[in-house]
Structures are given as C-alpha cells and as structure tokens.
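Engineer: The structure follows.
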Amino acid sequence: MATLILVRHGRSTANTAGLLAGWTPGVALDERGAEQAAALPGRLARVPLAAAVTSPLQRCGETLAPLLAARPGLALHTDERIGECHYGDWSGRKLSELSDEPLMRIVQQHPSAAVFPGGESMRAMQARAVDAVQDWNTRIEEQHGSDALFLMCSHGDIIKSLVADALGMHLDLFQRISVEPCSVTVIRYTPTRPFLLRLGDTGDFAGFVPHDESSAGAAAEKAAEDGGNAVVGGGAGAV
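Residue numbers (our numbering): 765 to 1003.
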C-alpha cells in the first residue's frame, strides 16, 4: 500500500500566544511558521509525491503553499476528516487556563474518555482521521500504484492519534507522542501492518535546548512539561 507523509502545519499565531486554536477561524502562521513552510519544499525535494491532502484550516493551507508553488502539477485535495479536533468551548482559550479544568486530567490520563464540551470526543477525532487515511491509501494505490507516496498536512493531536493507531497503541497512551510544528512523520502501510518510518522529524535539534519563555506558548509548554503533561493541540515547538 501507499506511504503516507504527515506534515504538521507550521507554527501558528495561536501556538505562540499559548491558545488552543481548534477550528477558530483566522489562525495563521507566524513569522517562524512561514519560515518553516518555506523550507518544506527543500526538505521534500527528493520525494516523489503522488498527491497532497490538507486539513481545511488556514494554517495548513499556508504551510503547503510554498510546496505547491514549487510543484505546480501536484494535485491538492481537502479533507475535513483530518481537520483539527473540535475542542468546542475550549477553542480559543489560553492553555494556562485550561490546565485548571477538571477535564484536563482526563485529556492527559484517559483521553479515550475525553469529550470536549460543545465539541467532539478524542475517540471520534481518531476514528475519522484513521478512516480518512484508509480511504486515501486505497485511492492513491489504485491511481498511482503500491509504491506511491502522498502527503497529508494536518494537526498535532490528529497526527499523534494516527501514530498511535499505526503502532497499535491504545489512545490513552497517545499523549506520550510529540510532533512539533512543520515536523514530518512517515507511515508505510502494508496488507498486514503499518511501519512507522519517521516521527516528528524537523531536522532541527533546537527543540532540545532549554525553552526561551519569552512567549506565552513557550511558557505554557514548559509548565505542562514540568507537570508531566502533554500540550493539548501540539504546542509551539522549538522557539
């Protein structure tokens, strides 16, 4: 079957502001995110892509724009099933405030039971994303052969849930996975099992340097990590 290249969108204005964006309209890439997007064509220069599929959200479209400009013939498709988790009433709120919500403990420790008020469950989020990948795997293989590679541009929690599925991990363990903005994760699907070939690859080791807490996003990430928690939505990555 086809090989899937998952790209998380570049760093966004919500990431640096420490906000949980969800489906909030108008969330764009920040300056660093635009730089990450501009570097993506070079990082994937040797990869023959059969097609690209994107979340409908603005930050994903902006991430793929330089790649599409570099490859005018690359077919682009939009699929709402790989759009961000519907965080409902949590959307647009500060992560620092959400850390005090009783639901956050469930999101961190038992996400398969988490249902966002006015939004969706994390199980539903994973299920729709896995369905999308299975559908696109079949479509790409039928049109381009079993050796084809295709790209999906999506979001942190979506990609983490797809990795968990590929590894046969229960969703309750997916908070152990981290994917930074504009990182590349690669999964090769076969008739018997998927193979995880890359996870959160940015080619940049700056993320291991102690955080610069000059932004709200960095401060929220450090606070979460110090408490052993994952950053809901994926975080801002290396600052």
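Idealized CB from N, CA, C, for every residue including glycine.
1) Compute the beta-carbon to beta-carbon distance between L831 and L808, rounded to the nearest angstrom, for a pair I have assumed lies under 8 Å.
2) Is the distance from the Cβ of C917 to the Cβ of G1001 below 9 Å?
3) Rounded to the nearest angstrom, what separates A791 and R772 at their Cα positions?
4) For L960, is the classification buried or exposed, using 16 other Cβ atoms within 10 angstroms of its Cβ as the cut-off for buried?
5) Should L937 go down as buried or exposed, given a rule of 16 or more other Cβ atoms within 10 Å for buried?
6) My assumption, with CB atoms under 8 Å, is that G847 sits in contact with S819. Please give the rounded CB distance.
7) Is the region 913-930 touching the region 770-785, taking contact as three or more C-beta pairs under 8 Å?
8) Given this structure, state the Cα-to-Cα distance separating R869 from S876, to the nearest angstrom.
9) Would you identify the three-state DSSP class for C824, choosing helix, strand or coil?
10) So the beta strand (DSSP E) L862 belongs to, where does it begin and stop?
11) Which one or two residues does DSSP pair with L783 in a beta bridge?
12) Which residues does DSSP list as the beta-bridge partners of R962?
13) Between the Cα of T966 and those of V973, Y953, E861, T949, spot the shortest distance and give me the residue it belongs to.
14) Going by CA-CA distance only, name the one from G883, R857, E861 that's closest to L783.
15) Since L813 and L838 are thought to touch, with beta carbons under 8 Å apart, how far apart are those beta carbons, to the nearest angstrom?
16) Taking the alpha-carbon positions, what's the R887 to A912 distance?
17) What is the rounded straight-line gap between the Cα of I941 and the Cα of V871?
18) Does the Cβ of G999 have 16 or more other Cβ atoms within 10 Å, making it buried, or fewer, making it exposed?
19) Sorted by chain position, which residues of the same chain lie with C-beta nearer than 7 Å to A893's C-beta, five sequence neighbours on each side aside?
20) Looking at the secondary structure, which residues open and close the alpha helix (DSSP H) in which M868 lies?
21) Compare the Cα-Cα distances from F914 to each of G932, A930, A815 and report the closest residue.
22) Excluding the 5 residues preceding and the 5 following N993 in the sequence, name in chain order all residues of the same chain whose CB lies nearer than 6 Å to its CB.
23) Any idea if V973 is buried or exposed, counting beta-carbon neighbours within 10 angstroms, 16 or more meaning buried?
24) Return helix, strand or coil for I922, following the three-state DSSP convention.
25) Counting only beta-carbon separations shorter than 9 Å, does T842 have a partner in chain C?
Structural biologist: On the basis of the supplied data:
1) 7 Å
2) no
3) Here residue 791 turns out to be Val, not Ala, going by the sequence shown. When rounded, the distance between both Cα atoms is 14 Å.
4) exposed
5) exposed
6) 4 Å
7) yes
8) 12 Å
9) helix
10) Element bounds for L862: not the beta strand (DSSP E) but the alpha helix (DSSP H), 859-862.
11) K858
12) V950
13) T949
14) R857
15) The C-beta separation of L813 from L838 comes to about 6 Å, placing the pair in contact by the 8 Å criterion.
16) If you take the alpha carbons of R887 and A912, they lie about 29 Å apart.
17) CA-CA distance, I941 to V871, rounds to 14 Å.
18) buried
19) R845, I846, I922, S925, L926
20) 866-873
21) A815
22) Cβ within range, chain order: Q872.
23) With fewer than 16 other Cβ atoms within 10 Å, it is exposed.
24) Three-state DSSP puts I922 in a helix.
25) Here there is only one protein chain, and chain C is not present.
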